[in-house]
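Protein sequence lines, in the order shown, are assigned to chains A and B. Residues 4 to 215 (our numbering) are what the first sequence spells out, left to right. Residues 9 to 18 (our numbering) are what the second sequence spells out, left to right.
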Amino acid sequence: MNVFRLTGDLSHLAAIIILLLKIWKSRSCAGISGKSQILFAVVFTTRYLDLLTSFISLYNTSMKLIYIGCAYATVYLIYVKFRATYDGNHDSFRVEFLVVPVGGLAVLINHNFSLMEILWTFSIYLESVAILPQLFMISKTGEAETITTHYLFCLGLYRALYLLNWIWRYYFEGFLDMIAIFAGLVQTVLYCDFFYLYVTKGGKDRKKVMLP
Amino acid sequence: CHRTRAKDEL
Chain A
4 MNVFRLTGDL
14 SHLAAIIILL
24 LKIWKSRSCA
34 GISGKSQILF
44 AVVFTTRYLD
54 LLTSFISLYN
64 TSMKLIYIGC
74 AYATVYLIYV
84 KFRATYDGNH
94 DSFRVEFLVV
104 PVGGLAVLIN
114 HNFSLMEILW
124 TFSIYLESVA
134 ILPQLFMISK
144 TGEAETITTH
154 YLFCLGLYRA
164 LYLLNWIWRY
174 YFEGFLDMIA
184 IFAGLVQTVL
194 YCDFFYLYVT
204 KGGKDRKKVM
214 LP
Chain B
9 CHRTRAKDEL
């Protein structure tokens, strides 16, 4: 565990909590892509199956349980509790165009051809593109609430910090996982355009951030 | 390059 890993995990946790609280407090999931949130629930479920087979640490187990729990709670709020506020018409990204190629890639390129390893690889690849329905939705409506941009910033920052963590681990532990690094790079690059807008147009007294 | 993943990462 190094400082980049820890701050990355905390940034990820902050993003998840921010989104849950935003929906809960406003009693609305307007502007939030339910499809992205379902993909994240699938990502956590397929990645953390090792909860059943191995114990790493109390930190590891509890964070995994919190991530999974919050992901399903978010999906529940969007599709059940506040379903009336869900903007399905604007959430029109075709997720099969992500899930099918990502599934094929996980079968082809993985560390070990076993069910658990393929599911883990699938979750890594899927996470890298899971935000696309959300970004697509924002580009379609042309705006995002400030709190939604904070969510996206924390979520993007998390993977960028993990990249620094992997550089650290390469230098100090000689550890290099090309699958995670490749997917992490793709994931971070997808947020770059958003990072730029967040820094230049966010904050101040703007209520909303417009995206092209 | 390791043919494995970091099992401690989230």
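Just so you know, even glycine gets a beta-carbon here, dropped at the ideal spot from N, CA and C.
Burial state of residue i, where buried means 16 or more other Cβ atoms lie within 10 Å
i, result
"residue 208 of chain A", "Because residue 208 of chain A carries a pLDDT of 46, less than 50, the predicted location of this residue cannot be relied on, and the following value inherits that uncertainty. Looking at its Cβ environment, which holds fewer than 16 other Cβ atoms inside 10 Å, residue 208 of chain A is exposed."
"residue 73 of chain A", "buried"
"residue 9 of chain B", "The predicted position of residue 9 of chain B is uncertain, since its pLDDT is 47 and thus under 50; a value taken from the coordinates is nonetheless stated next. That one is exposed."
"residue 103 of chain A", "exposed"
"residue 4 of chain A", "exposed"
"residue 8 of chain A", "buried"
"residue 201 of chain A", "buried"
"residue 62 of chain A", "exposed"
"residue 14 of chain A", "buried"
"residue 112 of chain A", "exposed"
Pick from the options that is closest to residue i, judged by C-alpha positions
i, options, result
"residue 100 of chain A", "A:33, A:38, A:19, A:180", "A:38"
"residue 75 of chain A", "A:42, A:60, A:6", "A:42"
"residue 154 of chain A", "A:23, A:12, A:9", "A:23"
"residue 98 of chain A", "A:116, A:136, A:130", "A:136"
"residue 3 of chain A", "A:172, A:194, A:199, A:168", "Summary: the structure shown does not reach residue 3 of chain A, with chain A confined to residues 4 through 215, and so no result is reported for it."
"residue 195 of chain A", "A:171, A:170, A:172, A:152", "A:152"
"residue 130 of chain A", "A:35, A:32, A:44, A:6", "A:44"
"residue 133 of chain A", "A:117, A:36, A:197", "A:36"
"residue 20 of chain A", "A:105, A:190, A:60, A:71", "A:71"
"residue 170 of chain A", "A:112, A:89, A:184, A:88", "A:184"
"residue 15 of chain B", "A:188, A:79, A:143, A:50", "A:50"
"residue 191 of chain A", "A:156, A:181, A:203, A:172", "A:156"
"residue 143 of chain A", "A:150, A:90, A:31, A:57", "A:90"
Where residue i falls: helix, strand or coil (DSSP)
i, result
"residue 82 of chain A", "helix"
"residue 147 of chain A", "strand"
"residue 30 of chain A", "coil"
"residue 16 of chain B", "coil"
"residue 56 of chain A", "coil"
"residue 9 of chain B", "The predicted position of residue 9 of chain B is uncertain, since its pLDDT is 47 and thus under 50; a value taken from the coordinates is nonetheless stated next. Coil at residue 9 of chain B, not helix or strand."
"residue 89 of chain A", "coil"
"residue 17 of chain A", "helix"
"residue 39 of chain A", "helix"
"residue 63 of chain A", "helix"
"residue 76 of chain A", "helix"
"residue 140 of chain A", "helix"
"residue 44 of chain A", "helix"
Could you tell me which uninterrupted alpha helix (DSSP H) segments, each at least 4 residues in length, are contained entirely in the region 151 to 210 of chain A, listed from first to last along the chain? Counting whole runs of 4 or more residues, the region 151 to 210 of chain A contains the alpha helix (DSSP H) stretches 181 to 204.
Are there three or more Cβ pairs, one per stretch, closer than 8 angstroms when the region 58 to 74 of chain A is compared with the region 174 to 185 of chain A? No, the region 58 to 74 of chain A is not in contact with the region 174 to 185 of chain A.
4-residue-minimum alpha helix (DSSP H) runs that sit fully inside the region 91 to 129 of chain A, ordered along the chain: Unbroken alpha helix (DSSP H) runs of no fewer than 4 residues, entirely contained in the region 91 to 129 of chain A, are found at 99 to 111, following chain order.
State whether the region 23 to 33 of chain A contacts the region 81 to 90 of chain A, with contact taken as three or more CB pairs (one from each stretch) at a distance under 8 angstroms. Yes, since at least three Cβ pairs between the region 23 to 33 of chain A and the region 81 to 90 of chain A fall closer than 8 angstroms, the two stretches touch.
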